[in-house]
Structures are given as C-alpha cells and as structure tokens.
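There are 2 protein chains.
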Amino acid sequence: MSSIRELARRCGVSVATVSRVFNTPEVVSQQTRQHVLGMAAEIGYLPNESARTLATKKSNMVGLVWDTDHRRPGWRHPFLQDILVALKSALSAHGLHLLMLAPDPGAGPGDPRRFLRAVQRHNVDGVVIIDNGSRDPAVLALVDAEVPCVALDLLFTGPTCTYITSDNAGGGRLAATHLIERGHRHIATITGPARNWPAAQRLTGFREALTAAGLPLADDDVVAGDFYLDSGHAAMTELLARDPRPTAVFAAGDEMAVGAIKAIHEAGLRVPDDVAVIGFDDIEVAALIPPGLTTVTQDKTGFGTAAAESLMAMLAGTATPPEPTTLPTTLILRGST
Amino acid sequence: MSSIRELARRCGVSVATVSRVFNTPEVVSQQTRQHVLGMAAEIGYLPNESARTLATKKSNMVGLVWDTDHRRPGWRHPFLQDILVALKSALSAHGLHLLMLAPDPGAGPGDPRRFLRAVQRHNVDGVVIIDNGSRDPAVLALVDAEVPCVALDLLFTGPTCTYITSDNAGGGRLAATHLIERGHRHIATITGPARNWPAAQRLTGFREALTAAGLPLADDDVVAGDFYLDSGHAAMTELLARDPRPTAVFAAGDEMAVGAIKAIHEAGLRVPDDVAVIGFDDIEVAALIPPGLTTVTQDKTGFGTAAAESLMAMLAGTATPPEPTTLPTTLILRGST
DNA sequence: TAGTCTGATGTAATCGGTTACATGAAACCG
DNA sequence: CGGTTTCATGTAACCGATTACATCAGACTA
Chain D
-13 MSSIRELARR CGVSVATVSR VFNTPEVVSQ QTRQHVLGMA AEIGYLPNES ARTLATKKSN
47 MVGLVWDTDH RRPGWRHPFL QDILVALKSA LSAHGLHLLM LAPDPGAGPG DPRRFLRAVQ
107 RHNVDGVVII DNGSRDPAVL ALVDAEVPCV ALDLLFTGPT CTYITSDNAG GGRLAATHLI
167 ERGHRHIATI TGPARNWPAA QRLTGFREAL TAAGLPLADD DVVAGDFYLD SGHAAMTELL
227 ARDPRPTAVF AAGDEMAVGA IKAIHEAGLR VPDDVAVIGF DDIEVAALIP PGLTTVTQDK
287 TGFGTAAAES LMAMLAGTAT PPEPTTLPTT LILRGST
Chain L
-13 MSSIRELARR CGVSVATVSR VFNTPEVVSQ QTRQHVLGMA AEIGYLPNES ARTLATKKSN
47 MVGLVWDTDH RRPGWRHPFL QDILVALKSA LSAHGLHLLM LAPDPGAGPG DPRRFLRAVQ
107 RHNVDGVVII DNGSRDPAVL ALVDAEVPCV ALDLLFTGPT CTYITSDNAG GGRLAATHLI
167 ERGHRHIATI TGPARNWPAA QRLTGFREAL TAAGLPLADD DVVAGDFYLD SGHAAMTELL
227 ARDPRPTAVF AAGDEMAVGA IKAIHEAGLR VPDDVAVIGF DDIEVAALIP PGLTTVTQDK
287 TGFGTAAAES LMAMLAGTAT PPEPTTLPTT LILRGST
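Listed in order, the protein sequences are those of chains D and L.
Quick note: the first sequence uses our numbering, first residue -13, plus one each step.
Quick note: the second sequence uses our numbering, first residue -13, plus one each step.
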C-alpha cells in the first residue's frame, strides 16, 4: 500500500505538503494541490487511518458497547435494527464509523472493566451503550471512561455521560386515556418485572391517568410479566378469571399483548368486543396479527438520531454533557381497542 | 494516558521488554513480568490499538459493509439482528471487533469505490458484507479489496472472497414435499421478484419437487410478489379467483405468507382447511399469528457464525478462499398447513 | 533600497507501539 | 578453562501519518 512518503516522492514535494493537501487544502497552492491529487488518484493513495489516529488522537470511530450474550436472554432489544440503522446513518453523515466492541480479552469474562478497557484501547471519540436491561456493572463502569458516552434506555449520567429514553410515563398515560375514552371503566394492566425501570414508568403514568379519571387501579388488576409472550398469556389467563373481569388491558410490551390476545381468544372471547387490548413498543407483529394491535409506539429511529446528536454535541466540546433526551411516545390505533 | 515508555521508565526496563510482556510473555523472566504487570495495573496502562495496528498491520477489526440507506427500502434484512449477534459473538470469541463502516466521504455518494476506499483506509483484517439485494456496484467493487471478504446472501466470489447462503432450493423442495404429503394436489406459489436470486432458487426447488411428484406447476399458479405484506395479499387474492382454486400455497417469504392468510380470511375461507399456507424465513410473526405459520426456516445464527468461520479460515492464511457455505433449511410445523 | 509581510513549502520531532539485531551474563560441555 | 548455547534484555529503526517551526522567494511599504 502506497504511503504518504511514496506519494510525496513521486510528486517531488515533502510529506508535509501532501498531508496539507488532504487536511488543509486552502494553504497549498492550486497547482501543487492538483498535481498531488492527480498523482494520488493514479497510484491509489489513501491515508492510513491508524497512523492518523495515532498522530491526532481522533479516530472518527464511535464505540458501541452492546453486551450480547447468547446464553442469557435479555440482550435482545426489539428495536435494535431500527436503532442501529438510524444511529449508523446519523453518524455516517458526520463521517463517523461505529465500532462494535468485543469485551477486552485481557480482562476476565466477569471483570467489570472489560468494556471500559476495550473502549480505552481503541481511541474511540465517543461511546454508545445499548442496554440489555441488566444494569451490568461492566456497563455502568463506563462512566469512568474519559470519553463522551450516550446510553440508550438506561439511566446513565456522569461528567461525560448522558442518555436517551422514551417518555414511558407519558406512554402509560396515553394508553390509559385512550381506553377511558373508549368507555372502559374496569381496566387492568400486565406490567413488566418490578425492577425494570421503563416498565415501572409505564405503570406510573398509566396509574396516574386512571386515578385522575376517578378509576383507581386495584392491586388485583396489576399482574407482572417478563415482556415475553408466554408471560402475557399467563397474566391474561389470570385476569380473565377475575369476577368481574376487566373490559380492557394495557400490556407494557407488545409481545405480552400478543400473548394476552391469544389467551382471550382461547377463552372464547373476542378482541376488542369482550376485552380490548393495548400494547407498548409497536413491534412488527403489532401490525400483522389480527385484529391489529393498538399500541404505544416508541421512536426507534429517534433513539439512533438522538444518540448521534448528543454525541456530536459532546464532541463539539461543550463542557457539560447534554441533558438526557426523552423521546415522545405516540398512540397507534389498530383493531384491538 | 500512560504510554509504553512511561511504563518502561517506571519499571526501569526498556520499552521492548514491556512490549514483550504483553505480546510474547514466555520470553521474559517471571520476575520482570510480574513487576511490569503489577505496575501496568497500578498506573492503568493499556496498549494503544492504533499504534499496534500501525506497527503490525493487524487491527483485530473486521469491517462490516452494510449499505443502510433510509430512503430506499430493501436495506432491511429480516434476520439482521440475529445475524449480527451471532457474528459479533463469534468474532468476539476470537478477539475481533466489528467496524461498521461509513462510506468514504472522499468519494461521492454514487462512487462505486466508496466502500472499497473505506475498507482500505482502516486496516481491517477482513470484511463482512450484508447484502440488501440490490447488487450495488459499490458492494461488488469490494472484490478488489486485497482483504478477506465474506458476503451474506449474495453470490460473491473472488481471489479473497466467498459467501454464505441458505439452501434456498432445498427449502423450496421441503415446502413442496410437505404440502404433497399433506395430500394437496393443486399447489400454487407466491414467488419473489424475478431477478432476486434467493427467490429464484426457492422457486426452482419447489418446482422440481412438484414435477418429481407428477404435479407440474402451471404458469397460472405462479404469482410474483415483492416480499412485502401487501404483495402477498394481492397475489393471494388473485390466486383465489382461479377456478379451481389451489388448495395450498407456498409463499417465498413469511411476510407475503401473512398477507396471503389475511386475504384468505377476508375471502371467508379458513386456514388450513380451505387453503393451506407455508412460508419461508421464519420471522418472529410466524409463531405469533394465528393459526401459526408453517414455514421453512433459515439458520440466522448460522449466517453469523459461518461468516466468522470463513473469515477466520482466510485470516489463518489459506491460499484459496473457503468454498461458499450453504446453510441447511428446515421445516417448522405450525397450524397453517 | 532596506525592511516587513505573506504565502508556499520543507525539516524534523512526535504520536505509541513492534521487532530485527546486538549485547552480555550465566550455564553447559568436552 | 575456552568456546558455544541459552536466556533475558537493550538499542534503535520502523510503521504512516500530523504539525510546530524554520525557510525562502516575491510583493508590498515607507
């Protein structure tokens, strides 16, 4: 591969001049510039990014910390593909590449510094963290990286850290309000694991809106699931056994909502006539299963672009990290309510 | 950030010795090694990867070329998340990081060298290509990269290139055989775009198996879709208008199969009693929509791990690239047939 | 015309590692 | 005991860029 020295030699100029042609073209004469660029194209010269990074301490790379462990469930984020595409596109527009980091092999599998170390070795300009909901110490350790960090769907602040999250409470309110407007008076909910922060927020907003409408949420009408299909099915089965049974259910995740619909159908009841169901997330299935799942949608693309923007703001050198971003949630009306 | 020189100074040894501690520990004395490692931990020394890459020409990074363009559809790969997770895990196990490359800003948006240049600048040890089905010249130009390349779901060979694909023909055969075994005699198919290679293969296998069973496929019973829901709905509507209408349909993609089921239900018919439906891909919805979609599944995880393995084989330095990998497809039985 | 300014370019140090080769001490051998 | 190995370590060139500083020619100024 031809180096800058080779190119300089061929052009009869110094390496400094060649470097200037690519970095500060305005200071080199028109004539020299043309000559160098022409010769560069001819011999296929391309600057070596490792060398540039070494010299400038800027890599144009953003590290992605995403703890994908086959064996544990929970690493899976339903929107990941949309988020990744948006993130990558937004970063690409600024000339940044996205480096999906492997945990540092120098640290053991359980070492809380395994991501921090990987980040520090690679001269990345910034870091995006995709949470798997586990609040892994190795992820939380990243606050110590002296590098701009943006976490997705994870409370994460520090001197160089901020995060992006959906307006989960608002979404919960939206769901409640919608069901109330549809005339429901007895509304139950299938929530997520107690310690899951987004789930808790959704529940809070949901309860608020019900209470405000004079429809307090009975403890009996709150059943916890784990975001997966079967738990939604089980929870709904439990709710259908109540007497009187609720006429509407808010599931804190679409997969659970689908499970709930299944349970309702199995009980010989109809959606939405006997029981209305509303979900949260707007995953692909929501649009595809009959009768179509009404749901609260999160702005997946917004996660990616907001992360890129927060990062760019920090790279631009503001002293304090940007405020956390809360993305609006909106209601998608389909047949299930 | 502390450098190797700093660490060497503190330990009273030369930089070469420190370097050896991390790269060829067996040649340095037990005592010195302990001392250096201890001091390294103390001052938080970590080798700078850019410098290492510059010196060794090995970056431990694999470039990912994935042309994500918001504006065009088609960049979306239904399995991408599974593939990415598997790919990343497999690469991580070998200490390799995955660099999602932005197109080279030095090249224009339409420049066929925009990925090639990005690859060449970054000293990546290998490249994985995720196809969007468009046979973009900029993707095809990567055969010229003097770097091991593995393409997913794309015919792609060259002196350092190979590819991974599903046994699409076999999957087509599987679908046909299954329907025949279920007793169907009049079987139609909703295929993909004529120029789409996987779709064509699926059709070929499907037709073969029908013919072998003495049930030649009439032209009328082949309708093309575009892999999206609506096209499946439209195609099925068309097929239902035939007299006699087919008793079973093979859709070359699950989304189209879901569209087909919708059309069947809308026509007041039942699945599978009036018309059986089988799909291809095994996307998430397949398991979730009633009555459950029987489908031919592709080994998503296999794509990722096979890509990593082919890459590793090339990195290990075989003169010729590994043979293309064809992943087996298998039948998943659910309620729709 | 001497002095200053400006614009284009060159010189060389530097970024943080790796590694071929040199060195020197200790161990081994006949 | 001299000579050869072996082992641990040091010296210094090198990877391919960037950039502070120096240089120098020509234009401009008083």
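Quick reminder that beta carbons are idealized off the backbone N, C-alpha and C, glycines included.
What does Val244 of chain D touch in chain L if you count any residue whose Cβ is under 8 Å from its own?
Leu274
Between the C-alpha atoms of Pro123 of chain L and Gly211 of chain D, what's the straight-line distance to the nearest angstrom?
48 Å
Using DSSP with H/G/I as helix, E/B as strand and the rest coil, what is Leu255 of chain D?
coil
Could you tell me which chain D residues have their CB closer than 7 Å to the CB of His108 of chain L, listed as they occur along the chain?
Glu35
Candidates D:Gly144, D:Leu319, D:Arg188 and D:Ala(-6): closest to Pro308 of chain D by CA position:
By alpha-carbon distance to Pro308 of chain D, the top candidate from D:Gly144, D:Leu319, D:Arg188 and D:Ala(-6) is D:Gly144.
Have a look at the DSSP bridge pairing and note the partners of Ile264 of chain L.
L:Phe236 and L:Thr280
Rounded separation between Arg231 of chain D and Asp206 of chain D - CA only:
11 Å
Use the C-beta contact count for Thr156 of chain D: other C-beta atoms within 10 angstroms, 16 or more gives buried, fewer gives exposed.
With the sequence shown as reference, residue 156 of chain D is identified as Gly, and Thr is not the correct amino acid for it. By the neighbour-count rule (16 or more Cβ atoms within 10 Å), Gly156 of chain D is buried.
Leu66 of chain D: contacting residues in chain L (beta-carbon distance under 7 Å):
Gln67
Would you tell me roughly how many angstroms separate the C-alpha atoms of Arg188 of chain D and Gly158 of chain D, rounded to the nearest one?
4 Å
Would you say Thr223 of chain D faces chain L, with C-beta separation under 8 Å as the test?
no
Measuring CB to CB, does Gly245 of chain D end up less than 8 Å from Leu274 of chain D?
no
Would you check if the distance between the CB atom of Ala137 of chain L and the CB atom of Tyr149 of chain L is smaller than 8 Å?
Yes, these two residues count as a Cβ contact at 8 Å.
Contact the region 265 to 272 of chain D vs the region 294 to 311 of chain D: 3+ CB pairs below 8 Å
no
What residue range does the beta strand (DSSP E) around His108 of chain D cover?
For His108 of chain D, no beta strand (DSSP E) segment is defined, and its DSSP state is neither H nor E.
If you drop the 5 nearest sequence neighbours on each side, which residues of the same chain put their C-beta closer than 8 Å to that of Ala5 of chain D?
Contrary to the premise, residue 5 of chain D reads as Ser rather than Ala in this sequence. Taken in chain order, the residues that qualify are Ile(-10).
According to DSSP, what are the bridge partners of Cys135 of chain L?
L:Val113 and L:Cys147
What are the boundary residues of the alpha helix (DSSP H) that Ala37 of chain D is part of?
Its alpha helix (DSSP H) spans residues Glu35 to Thr42.
Name the two residues that bound the continuous beta strand (DSSP E) containing Thr175 of chain D.
Counting along the chain, the beta strand (DSSP E) containing Thr175 of chain D begins and ends at Ile173 to Thr177.
Within its chain, find whatever has a CB closer than 6 Å to the CB of Ala249 of chain L; leave out the 5 residues flanking it on each side and keep chain order.
Hits under 6 Å: His219, Met222 and Thr223.
Can you tell me where the beta strand (DSSP E) holding His83 of chain D begins and where it ends?
His83 to Met86
By Cβ distance, which residues of its chain are closer than 7 Å to His21 of chain D, with the 5 residues on each side in sequence left out?
Cys(-3)
State yes or no: is the C-beta of Ala387 of chain L within less than 8 Å of the C-beta of Phe236 of chain L?
Residue 387 of chain L is absent from the model: chain L starts at -13 and stops at 323.
Could you give the distance in angstroms between the alpha-carbon of Gly81 of chain L and the alpha-carbon of Asp111 of chain L?
12 Å
Among D:Gly24, D:Val125, D:Val282 and D:Asn34, the one whose alpha carbon lies nearest that of Thr54 of chain D:
Out of D:Gly24, D:Val125, D:Val282 and D:Asn34, D:Val125 has the C-alpha closest to the C-alpha of Thr54 of chain D.
Rounding to the nearest angstrom, what Cα-Cα distance links Thr175 of chain D and Asn118 of chain D in this structure?
23 Å
Nearest chain D C-beta to Val71 of chain L closer than 8 Å, yes or no?
Closer than 8 Å: yes.
Limits of the unbroken alpha helix (DSSP H) element including Leu319 of chain D:
For Leu319 of chain D, no alpha helix (DSSP H) run applies, since DSSP gives it neither H nor E.
Should Leu66 of chain D go down as buried or exposed, given a rule of 16 or more other Cβ atoms within 10 Å for buried?
buried
According to DSSP, is Val334 of chain D helix, strand or coil?
This structure cannot speak to residue 334 of chain D, because chain D is shown only from -13 to 323.
Rounded C-alpha distance that separates Thr281 of chain L from Pro33 of chain D:
49 Å
For Thr312 of chain D, the three-state DSSP class (helix, strand or coil):
Thr312 of chain D falls in the strand class under three-state DSSP.
Check whether Leu84 of chain D and Met86 of chain L have beta carbons under 8 Å apart:
Yes, the Cβ-Cβ distance between Leu84 of chain D and Met86 of chain L is below 8 Å.
Environment of Pro90 of chain D [buried if 16+ CB atoms lie within 10 Å]:
According to the sequence as given, residue 90 of chain D is Asp; it is not Pro. The residue is buried, with at least 16 neighbouring Cβ atoms inside 10 Å.
Assuming Gly290 of chain L contacts Ala76 of chain L under a Cβ cut-off of 8 Å, what Cβ separation, rounded to an integer in Å, is found between them?
With a Cβ gap of about 6 Å, Gly290 of chain L and Ala76 of chain L count as contacting.
Just checking: is the beta-carbon of Met86 of chain L within a distance shorter than 8 Å of some beta-carbon in chain D?
yes
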